[in-house]
Each structure stands twice: as C-alpha cells, then as structure tokens.
Amino acid sequence: MNIAEKLSSLVKFRTVSSFRPEEEDEKPFAALIEALPGLYPGAHAALERILVGPRGIVYRWQGKNPSLKPAIFCAHFDVVPASESDPWDEPPFSGTIRDGFVWGRGTQDIKVQIACILEAAETLLSAGFVPERTLYFAFGGDEEVGGRRGAGAISKWFSGQNVHASWVIDEGSPVGQGLVGFVHKPIALIGIAEKGYADIVIEVPGQGGHASMPPRNTALGALSHAIARIEDKPFPARITKTTDEFLAALAPHAVSPYKQIFSLRHLLTPVILKAFSATPSTNAMVRTTCAATMAQASPKENVLPNLAQAVINVRIMPGTTVAQVIDRFNALIAPYGAKAYAKFPEHTVEPSTESSTSSEGWNSIVAAISEAFPDAIPAPFLFTAGTDTKHYRGITDDIYRFQPLVQTQADLAAVHNVNEKVSVENLERCVRFYRALMNQQ
Ligand SMILES: [Zn+2]
Numbered sequence: 222m223n224i225a226e227k228l229s230s231l232v233k234f235r236t237v238s239s240f241r242p243e244e245e246d247e248k249p250f251a252a253l254i255e256a257l258p259g260l261y262p263g264a265h266a267a268l269e270r271i272l273v274g275p276r277g278i279v280y281r282w283q284g285k286n287p288s289l290k291p292a293i294f295c296a297h298f299d300v301v302p303a304s305e306s307d308p309w310d311e312p313p314f315s316g317t318i319r320d321g322f323v324w325g326r327g328t329q330d331i332k333v334q335i336a337c338i339l340e341a342a343e344t345l346l347s348a349g350f351v352p353e354r355t356l357y358f359a360f361g362g363d364e365e366v367g368g369r370r371g372a373g374a375i376s377k378w379f380s381g382q383n384v385h386a387s388w389v390i391d392e393g394s395p396v397g398q399g400l401v402g403f404v405h406k407p408i409a410l411i412g413i414a415e416k417g418y419a420d421i422v423i424e425v426p427g428q429g430g431h432a433s434m435p436p437r438n439t440a441l442g443a444l445s446h447a448i449a450r451i452e453d454k455p456f457p458a459r460i461t462k463t464t465d466e467f468l469a470a471l472a473p474h475a476v477s478p479y480k481q482i483f484s485l486r487h488l489l490t491p492v493i494l495k496a497f498s499a500t501p502s503t504n505a506m507v508r509t510t511c512a513a514t515m516a517q518a519s520p521k522e523n524v525l526p527n528l529a530q531a532v533i534n535v536r537i538m539p540g541t542t543v544a545q546v547i548d549r550f551n552a553l554i555a556p557y558g559a560k561a562y563a564k565f566p567e568h569t570v571e572p573s574t575e576s577s578t579s580s581e582g583w584n585s586i587v588a589a590i591s592e593a594f595p596d597a598i599p600a601p602f603l604f605t606a607g608t609d610t611k612h613y614r615g616i617t618d619d620i621y622r623f624q625p626l627v628q629t630q631a632d633l634a635a636v637h638n639v640n641e642k643v644s645v646e647n648l649e650r651c652v653r654f655y656r657a658l659m660n661q662q
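Everything in the sequence shown is counted per this note's numbering, starting at 222 for the first residue and increasing by one.
Following this line, the structure appears as structure tokens:
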C-alpha cells in the first residue's frame, strides 16, 4: 500500500469529535486505532505502543543514548464534522484518490500527519535505522474540542514517566506559497508561539417591561455602544520576538521596498505596524484580536430586555494574559453599565511562550526543511489558531508548530471546509520531511 492509500484508509473512519461526548460515535475512533498495525506493521513490530485511554495513542521508539532528552512528534486523529449534503466534489469520508489528490476530511487537518509520521518511521526501520534519542509519537483523538482526553491525558502520562522532552513538533503553519506579497519564494512558517484564546461575555442588565414606553437606552442599545467601544479601541499593535525574527528571516528575500524596511525594522517599527494592521492576516500577527460573534437580548419584539449579552472571541498575543484582556474590556465598557467575564473560564487558554530559534529542535527542523523543501525560506511564525501543544507546555521548553505541506491560500481555505484534499506530491514531501527529521535524532 502506498502513502496515498494509507491516508485514504484513515480518512474513511468518521472520527468526528464533539464538545458533547454523548454526540460522538466511539466506534470509528476505536476502529482507526485497531487499523494502524495493519497499515504500519514494521512500526508496530519495533515500537512500543501505549494506549492512554480511548483517545490517546503513544508510540515509543527507544533511542541508543539514554542521556539525550527525547523528542515528541504530535498529531490528532479526530476531525471536524463534514456533511455529505455539502458541495464536496468527492464525499468527505470517501478517501477518494483522483487526479493526484487524496480527498476528504482530515487529509489536511491532520490525519495526513499521522499517516506521514508513521510512514517515515516504517521506511527508516526497514533501512535498519535506530535513533540516538528516544522518539515519541503522541496522537490525540479530541484536538478539535480542546484535547483533554487525548493530548491532555498523554501529557499526564508523560509526567508520570518523568519525560521531559528536548522539543515537541505538532501541526501548525505550512510551507506557504504566495501567502504574502512581499516574498515570492515559498516560506516554511515554523510556529514558535501560539496565541491564547478566550470567549468573553459582555453583559448589560436592563429593566424589563413593555416596549411602548422605553427608556432612552435599552440594555441592547447600551450593549451595542459597549461593543462599538471595544471595536474602536483595538489592542495596541506590537512586534514580539517571534515577529521580529520573522521579519529578520525574510528581509534578505523580500522584494523592494520591504527588503529595506524589514532590514531597518527597529527604526521603522511604526511603519511596519501600520502596514501589518491594514490586513486581517498580518494584523493578527501584531495584536490581540477581538471579534464580536454572538448577541442576544429580549426574546420578543415588544418586550424590553432584562439582560443583553454578546460574546467577543479573543485571540491573545504572547505577553498578554486572559485577565488583562478582561480588565481592559471592563475599563472600556464600564461607562455603558456593561461588564466583561470569561464565558467558559476552564476553556480559556493563555498564550504560549516563544520557543527558541537556536535549540536542537529548531536546528533539526530547519535542516529537515532544507531536505524536503529546498526552495523554502524557514521563518519563525506566530501561529494564530490553537493546537494540542497547550497540553505539553510542562513537558518541554521548545514547541514547534509546522505542517510539512506546500499550501497556497486556496489550499488553506479548504481546511475545515468542503473539498479538503492533499496532493500525492505533497504527501511524498511530508514523508521526506519527517524521515529527515527523525534521521537526525
Ligand atoms: Zn488540527
């Protein structure tokens, strides 16, 4: 079976996770775990497999040198829902292989990574390779809904085994092709930091009653002012260590005038911040972002609301905390009688620290990129979405978030969307990357 056929088999398991576990079907998760030894017999013969509950799979590949800290390769085998009635060109759980692509949910996010990590191990084992340091593969089955049963449980298992890793690699940003206008070469975006996450409720109490004799401002009117105030006062933009290093890495390859601007970035910070603020994708790199996403007030047209509530989805820059976000909102909206608090305090995530760009892990990843993606410029990056690595912060100091696939804007648009697919060429590059990365350990 080739790598495309193996990924195709994994896609067929409908491992859709949900925030309500009672809505999940446990059978495809168990079936996927059961299918892995048949797909990767060599890896299953040589590596120790530890199942950590129903949603955590750990593989342990014993290294020769016990004095070296291990490295951990992560991925997740759950996916977001996909409906056959949506306009997919091939059904989302068919795993169809057609025209040089594997189609379906999980082909990009992120069963591809499980397939390619195990394939790389399989081929290295058949060549007789034994790593110097111990390698772990850690696959969670609920990343899309927080990762507690998968990565969270695995992290506890690692702690119980006293595993402190040299570095961890998980899903993240891709080898971007044409994602930015200022560099024409592909950029291997290595996420060295990850934004924090919070859903913040903005709430205004009101005086209920008949809408025929209303006060000057209803609770909903006051709430609207509060939201407008938050939108009018965005968080200040700043260049973090990650973005500074991103600009430094790209400066030699950028077109004019960006080449000069990035080189003189410490003098031209205001110019860069203004330019980055103008586009949502680069704006997200320089500030904590706030998106008003939900609102509710009175249940009926002619009834004054007793309470008006909105939700602001916040993605928090490294160096800012959830508590600081709430304090800032409260200071901004107090004049409207509004208050702010976390909707699900247990689901807020503080931003990560910024990993090293001179560590063993960084150097290995950059060397593997030069083998698998020789044209690409490696650059540190702030990953603006969330990953399972939030559970591994106590296990290692250096976490890298990288998806070894060449992706255009159109490719990225298919993630969590219809027509998610991956080219066979990309699959082969992905295996080459993991092989090169493992081979150096
Ligand atoms: Zn994912």
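Even glycine gets a Cβ: it sits at the ideal position worked out from N, Cα and C.
- [ ] Please confirm whether F358 and W309 have their CB atoms less than 9 Å apart.
- [x] no
Task: Within 9 Å, strictly: CB atoms of E340 and I224 - done: yes
Task: As assigned by DSSP and simplified to three states, the class of R622 - done: strand
Open item on the list: Which residues does DSSP list as the beta-bridge partners of C511?
Closed with: V535
- [ ] Answer with buried or exposed for P435, where buried requires no fewer than 16 other C-beta atoms within 10 angstroms of its C-beta.
- [x] exposed
Task: First and last residue of the uninterrupted alpha helix (DSSP H) at D465 - done: 462 to 471
Task: Residue nearest to V535 in terms of C-alpha spacing, selected from I451, S484, E581, G582 - done: I451
Task: Given 8 Å, three or more beta-carbon pairs between the stretch 493 to 504 and the stretch 513 to 523 - done: no
- [ ] Within its chain, find whatever has a CB closer than 6 Å to the CB of P539; leave out the 5 residues flanking it on each side and keep chain order.
- [x] A414, T461, P572, E575
Open item on the list: Given this structure, state the Cα-to-Cα distance separating V389 from I482, to the nearest angstrom.
Closed with: 33 Å
Open item on the list: Could you give the first and the last residue of the continuous beta strand (DSSP E) run that contains S394?
Closed with: 388 to 397
Task: Beta-carbon contacts of T344 that lie in its chain and below 8 Å, excluding the five residues immediately before and after - done: V652, R656
Open item on the list: Just to confirm before moving on: does the CB-CB distance between P302 and T463 stay below 9 Å?
Closed with: no
Open item on the list: Three Cβ pairs or more, each shorter than 8 Å: is that satisfied between the stretch 330 to 339 and the stretch 255 to 274?
Closed with: yes
- [ ] Indicate the three-state DSSP secondary structure (helix, strand or coil) for H265 in the structure shown.
- [x] helix
Open item on the list: If you reduce the DSSP assignment to three classes, tell me which class F604 lands in.
Closed with: strand
Task: Continuous beta strand (DSSP E) stretch holding F294: start and end - done: 292 to 297
Open item on the list: Going by the DSSP bridge assignment, what does S644 pair with across the sheet?
Closed with: F322
Open item on the list: Using DSSP's beta-bridge definition, name the partner residues of E282.
Closed with: Inspection of the sequence shows that residue 282 is occupied by Trp rather than by Glu. Bridge partners of W282: L356.
Open item on the list: Nearer than 8 Å: is that true of the beta carbon of T328 relative to any heavy atom of ligand 1?
Closed with: no
TODO: Using three-state DSSP, classify L253 as helix, strand or coil.
DONE: helix
Task: Rounded C-alpha distance that separates R326 from L485 - done: 43 Å
- [ ] Return the chain-ordered list of same chain residues with a C-beta closer than 6 Å to the C-beta of F294, the five sequence neighbours on each side being excluded.
- [x] I338, F358, I390
Open item on the list: Assuming contact is defined by CB atoms lying nearer than 9 Å, are E364 and S239 in contact in what I supplied?
Closed with: no
- [ ] Assign Y562 to buried or exposed, taking buried as 16 or more other Cβ atoms, counted over all protein chains shown, within 10 Å of its Cβ.
- [x] exposed
Task: C-alpha gap between K285 and E353, whole angstroms - done: 5 Å
- [ ] Work out the CA separation of A251 and K227 for me, nearest whole Å.
- [x] 17 Å
TODO: Go through its chain and collect everything with a Cβ distance to Q630's Cβ below 8 Å, but skip five positions before and after it.
DONE: G399, L400
Open item on the list: Just to confirm my understanding: we take I408, look at its own chain, exclude 5 residues before and 5 after, and list those with CB closer than 6 Å. What are they?
Closed with: G397, I598, A600
Task: Among I318, N584, P455, V232, nearest to R508 - alpha-carbon criterion - done: P455
Task: beta strand (DSSP E) segment containing E424, residue limits - done: 417 to 426
Task: Buried versus exposed, by CB contacts within 10 Å (16 or more), N647 - done: buried
Task: DSSP state of I331 mapped onto helix, strand, coil - done: coil
Task: Range of the contiguous beta strand (DSSP E) that encloses Y557 - done: Premise fails: Y557 is in no beta strand (DSSP E) and is neither H nor E.
TODO: Kindly list the residues whose CB is nearer than 6 Å to the CB of E581, restricted to its own chain and excluding five residues on each side of it in sequence; keep chain order.
DONE: S387
- [ ] Look at the alpha carbon of A296 and the alpha carbon of D609, and state the distance between them as a whole number of angstroms.
- [x] 8 Å
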